[in-house]
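Q: This structure is in structure tokens; I'll ask about it shortly.
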Amino acid sequence: MKVLFRGGQIIDGTGSAPVVGDLLIEDDKIMKVGGVIEGDFDKVVDCTGLQVCPGLIDAHSHNDFFYDRDDAEMFYKPFLEQGITTQITGNCSFSPFGIEEDSAYKDKVGGGLFHAVKPGSFKEFKERAKGRLYVNMVPLIGHGTVRISISGFDPAPLTPEQIEREMKLVDEAMEEGAFGGSFGFMYEPGMYAEKDELYAFAKEIAKYDGIVTVHPRACSKVALGYPLFGTPPHIEMALDEVIDIMEKSKCRMEYSHLIFTGTSSWPSIDPMLKKFHDYNEKGYKIAYDNYSMTYGASVITLALPPWYLALSEKDRKKKSTLLKLKAMIFATKKLLGLDWCDFTIAYISDNHKEYEGRIISEIAKEEGMSAMDMYLKLVDLSNAQGRIYVDKYYNDEHIRRLMEDDLSIFMTDAWVEEAGVQNGAAFQCFPYFFVRAKKYGIPVEKVVRKMTGETVDRFRIKERGYLKEGYRADITVIDFDNMSVDISQPSLKPEGIKHVYVNGTAAVENGSFTKAHTGEVLLK
Ligand SMILES: [Zn+2]
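To convert, count from 1 in the sequence shown and add 14; that's my numbering.
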């Protein structure tokens, strides 16, 4: 099937300025780029006044946990409607594969945050994904998953023999074409791993010239897991840990979702960006990805220390416990530079829909109690299972800086929720980058580069990310001038994403989702 994209502004993914011309695809390949293309075509897509780009790539996703569900479609539709054709998956230490056949801990894969329908080896994942994917996936193997395979959530250090078993799982995935691995130092069980285990994992990935993405141990000035006083900002210590692993393993590193939670963390932006650049000048490969939103999703227990969560319900209600807890939450909040007005409720329970989308400080006022008591009440009502959105990851000026920095690429880190308020990043994150670019005067081709060519270069993805003859036909056609989002309505479809082709098949046509699922598991 020959499809001609006629008369658009071609943005090829290199960062070069748009050039008006035609683009021809045949089946799943790009045949010709530029100039006036004559001939017989099965379909002609008029792109006058529009931008024809390589399919956009989301550099950080968790969508590998939804592909084999019966209701998979709803989890991919809003990403395609953002123009995304490929997602880097297996992040934050979680992949739905990398588990021994006879592991006793298969039900724990996903770390409580995600649920894998049928966890198995990477080979099994590739088989199972055939014909089911709406977008292409660039698989990474999660360190948390391989550790769960061996010892579940056990915090005990692994023995050398157990580490060897972990490395066998990593080897299998890398041999079979995974692009690298991921760490998640804020999650169980990755947070428990000792240095020898972390070095071994990164070295194993480096052996195959893979990349390791890292959810760092701290994304704020103060984080649980570090002493409260007498240290440098924890977010900077967390970057040093990533650098240490990079130096020891010689592995290429991607610092995942660079954010600076709470205003107290913002002074770390300069020294951290400088460090990223310094290490690149020294010849290392370390860079990062970021959001277009100033907020992100979290769990309602975010502000609660582990010792409190470990108590029985009766002990939690003790006066002395509550006093100690409240003092701690108060101090942490102050140290972070966050307040109750920065917490929006996403979900409490099916019986408490009235709180969804509400800000904690405002509900507290209405119910005539302190915000702290309101927060604890919501934790109880949700059985400690609630979800929240936390604001002040950055301000608009910070996002502008990151967008203009050479080392950033763009991502969503979002998934579609089954209940409650949606994360706007799952619906609007990429279009919002375009909207911001218009506002800041950043050329459209620079934004596209950070969603295409730059990302494939960094993850070493073949035949994608550029509009080149012989490359695979992932195409996103946008209307940059009329791109718009309404971030006050998080699940509202953005305006300005016209056509999205995945491996030569239209998944979005004139802005409408076609239900096509022609994605593939990509291999290194
Ligand atoms: Zn993460």
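C-beta: ideal position from N, C-alpha, C; glycine also.
Source: prediction; values computed, not measured.
Could you check the C-alpha separation between Y269 and Y302 for me, to the nearest Å?
A: For the purposes of this step, residue 269 is taken as residue 255 along the sequence shown, with counting starting at 1. For the purposes of this step, residue 302 is taken as residue 288 along the sequence shown, with counting starting at 1. Their backbone Cα atoms lie some 5 Å apart in a straight line.
Q: By DSSP's criteria, G125 is part of a beta bridge. Which residues make up the other side?
A: Within the sequence shown, residue 125 is the residue found at index 111, counting from 1. Answer by DSSP bridge pairing, in chain order: F128.
Q: Starting from the Cα of I155, find the closest Cα among Y148, P169, A187, E141 and give me that residue.
A: One-based indexing of the sequence shown puts residue 155 at position 141. Among Y148, P169, A187, E141, the Cα nearest to that of I155 is on A187.
Q: Give me whichever residues DSSP pairs with H157 in a beta bridge.
A: On the sequence shown, position 143 is the one that residue 157 refers to. DSSP lists no partner for H157.
Q: Quick check: the Cα distance between V123 and E178, rounded to an integer number of angstroms?
A: Reading the sequence shown from its first residue, position 109 is the one you call residue 123. Reading the sequence shown from its first residue, position 164 is the one you call residue 178. Cα to Cα, the separation comes out at about 20 Å.
Q: Hey, would you say the C-beta of G158 is under 7 Å away from at least one heavy atom of ligand 1?
A: Numbered from 1 along the sequence shown, position 144 holds the residue referred to as residue 158. No, ligand 1 has no heavy atom inside 7 Å of this Cβ.
Q: Quick check: does the Cβ of N105 come within less than 7 Å of any heavy atom belonging to ligand 1?
A: Numbered from 1 along the sequence shown, position 91 holds the residue referred to as residue 105. Checking every heavy atom of ligand 1 against the Cβ of N105, one is found closer than 7 Å.
Q: So the candidates are P153, P169, L183; which of them puts its Cα closest to the Cα of E191?
A: By 1-based counting over the sequence shown, the position of residue 191 is 177. In the sequence as displayed, the identity of residue 191 is Gly instead of Glu. Checking every option, the nearest Cα to that of G191 belongs to P153.
Q: Would R20 pass as a contact of D82 if the rule is Cβ separation under 8 Å?
A: Residue numbering aside, residue 20 sits at position 6 when the sequence shown is read from its first letter. Residue numbering aside, residue 82 sits at position 68 when the sequence shown is read from its first letter. No. Outside cutoff.
Q: In whole angstroms, give me the CA-to-CA distance for F193 and I225.
A: Along the sequence shown, read from residue 1 onward, the residue named residue 193 stands at position 179. Along the sequence shown, read from residue 1 onward, the residue named residue 225 stands at position 211. In a straight line, the C-alpha of F193 is about 7 Å away from that of I225.
Q: Considering Cα atoms alone, identify which of P174, V131, A252, G112 is closest to E189.
A: Locating residue 189 in the sequence shown gives position 175, counting from the first residue. Taking only the C-alpha atoms, the option nearest E189 is G112.
Q: Starting from Y293, trace the alpha helix (DSSP H) in both directions and tell me its first and last residue.
A: What you label residue 293 is simply residue 279 of the sequence shown in a count that begins at 1. First-last of the alpha helix (DSSP H) with Y293: 283-295.
Q: The alpha helix (DSSP H) that contains I98, what's its start and end?
A: Residue numbering aside, residue 98 sits at position 84 when the sequence shown is read from its first letter. No alpha helix (DSSP H) contains I98, which is instead part of the beta strand (DSSP E) from 98-103.
Q: Determine the direct distance from the alpha carbon of F199 to that of A232, and round the result to whole angstroms.
A: Within the sequence shown, residue 232 is the residue found at index 218, counting from 1. Within the sequence shown, residue 199 is the residue found at index 185, counting from 1. Their Cα atoms are separated by approximately 8 Å.
Q: Considering only residues of the same chain and omitting the five flanking positions on each side of H531, which have a CB-CB separation below 7 Å?
A: Position 517 of the sequence shown, counted from the start, is the residue given in the question as residue 531. Here the set comprises R146, L147, Y148.
Q: How big is the Cα-Cα spacing for M88 and E431?
A: Along the sequence shown, one-based indexing puts residue 88 at 74. Along the sequence shown, one-based indexing puts residue 431 at 417. Their Cα atoms are separated by approximately 10 Å.
Q: Check whether the segment 358-367 and the segment 326-336 are in contact - that is, three or more C-beta pairs closer than 8 Å.
A: Contact fails: fewer than three Cβ-Cβ distances are below 8 Å.
Q: Helix, strand or coil: how does DSSP classify L537 here?
A: The count along the sequence shown starts at 1 and reaches residue 537 at position 523. Three-state DSSP puts L537 in coil, outside helix and strand.
Q: Three-state secondary structure (DSSP) at P10?
A: Any question about residue 10 goes unanswered here, given that the chain covers just 15 to 538.
Q: Looking at C-alpha atoms only, which residue of A521, V522, K482 is the closest neighbour of I24?
A: In the sequence shown, the residue the question calls residue 24 occupies position 10. Of the candidates A521, V522, K482, the one whose C-alpha sits nearest the C-alpha of I24 is K482.
Q: Taking all protein chains shown into account, decide if A252 is buried (16 or more other Cβ within 10 angstroms of its Cβ) or exposed.
A: Sequence index remark: in the sequence shown, residue 252 carries index 238 (1-based). Label assigned to A252: buried.
Q: Tell whether a beta-carbon distance below 8 Å holds between I469 and G479.
A: Indexing the sequence shown from 1 puts residue 469 at position 455. Indexing the sequence shown from 1 puts residue 479 at position 465. Note that residue 469 is Thr in the sequence shown, not Ile. Contact: yes.
Q: Under the rule that 16 or more other beta-carbon atoms within 10 Å means buried, what is D356, buried or exposed?
A: Position 342 of the sequence shown, counting from 1, holds the residue named residue 356. Burial call: buried.
Q: With DSSP as the reference, label Q399 as helix, strand or coil.
A: As a first step, residue 399 is located in the sequence shown; it is residue number 385 there, counting from the start. Reduced to three states, the DSSP call for Q399 is coil.
Q: Does the Cβ of A31 have 16 or more other Cβ atoms within 10 Å, making it buried, or fewer, making it exposed?
A: Walking along the sequence shown from the start, residue 31 turns up at place 17. So A31 counts as exposed.
Q: Report all residues from its chain with a CB closer than 6 Å to the CB of F447; omit the five preceding and five following residues, and keep chain order.
A: Residue numbering aside, residue 447 sits at position 433 when the sequence shown is read from its first letter. Around F447: S306, F424, V461.
Q: Can you give the Cα-Cα distance for L272 and G533, rounded to whole angstroms?
A: Taking the sequence shown and counting its residues from 1, one reaches residue 272 at position 258. Taking the sequence shown and counting its residues from 1, one reaches residue 533 at position 519. Each residue's Cα considered, the two are about 28 Å apart.
Q: Can you tell me whether H229 sits near ligand 1, meaning its C-beta is under 7 Å from at least one heavy atom of the ligand?
A: Walking along the sequence shown from the start, residue 229 turns up at place 215. It does: the Cβ of H229 is within 7 Å (strictly closer) of some heavy atom of ligand 1.
Q: Where DSSP assigns a beta bridge to N150, which residues make up the other side?
A: Start at 1 with the first residue of the sequence shown, and residue 150 comes out as number 136. N150 pairs with T100.
Q: Please go through the same chain and pick out, in chain order, the residues whose beta-carbon is closer than 6 Å to the beta-carbon of I259, but skip the five residues on each side of it.
A: Taking the sequence shown and counting its residues from 1, one reaches residue 259 at position 245. L212, A216, listed in sequence order.
Q: Under DSSP, the beta strand (DSSP E) around S10 begins and ends at which residues?
A: Nothing about residue 10 can be read from this structure; the chain reaches only from 15 to 538.
Q: Exposed or buried, which one is P281 when buried takes at least 16 other CB atoms within 10 Å?
A: Within the sequence shown, numbered from 1, the residue matching residue 281 stands at position 267. Exposed, because fewer than 16 other Cβ atoms sit within 10 Å of the Cβ of P281.
Q: Return the residue from the list H76, S498, F473 that minimises the CA-CA distance to L536.
A: On the sequence shown, residue 536 is found 522 positions in, with the first residue counted as 1. Checking every option, the nearest Cα to that of L536 belongs to F473.
Q: In the DSSP assignment, the alpha helix (DSSP H) including D471 goes from what residue to what residue?
A: Indexing the sequence shown from 1 puts residue 471 at position 457. Note, D471: alpha helix (DSSP H), 467-473.
Q: Flag this pair as touching only if the segment 287-296 and the segment 387-404 have three or more C-beta atom pairs under 8 Å; answer yes or no.
A: Touching, no.
Q: What number of angstroms, rounded off, separates the C-alpha of P110 from the C-alpha of T528?
A: Taking the sequence shown and counting its residues from 1, the one referred to as residue 110 is at position 96. Taking the sequence shown and counting its residues from 1, the one referred to as residue 528 is at position 514. Distance between the alpha carbons of P110 and T528 is about 27 Å.
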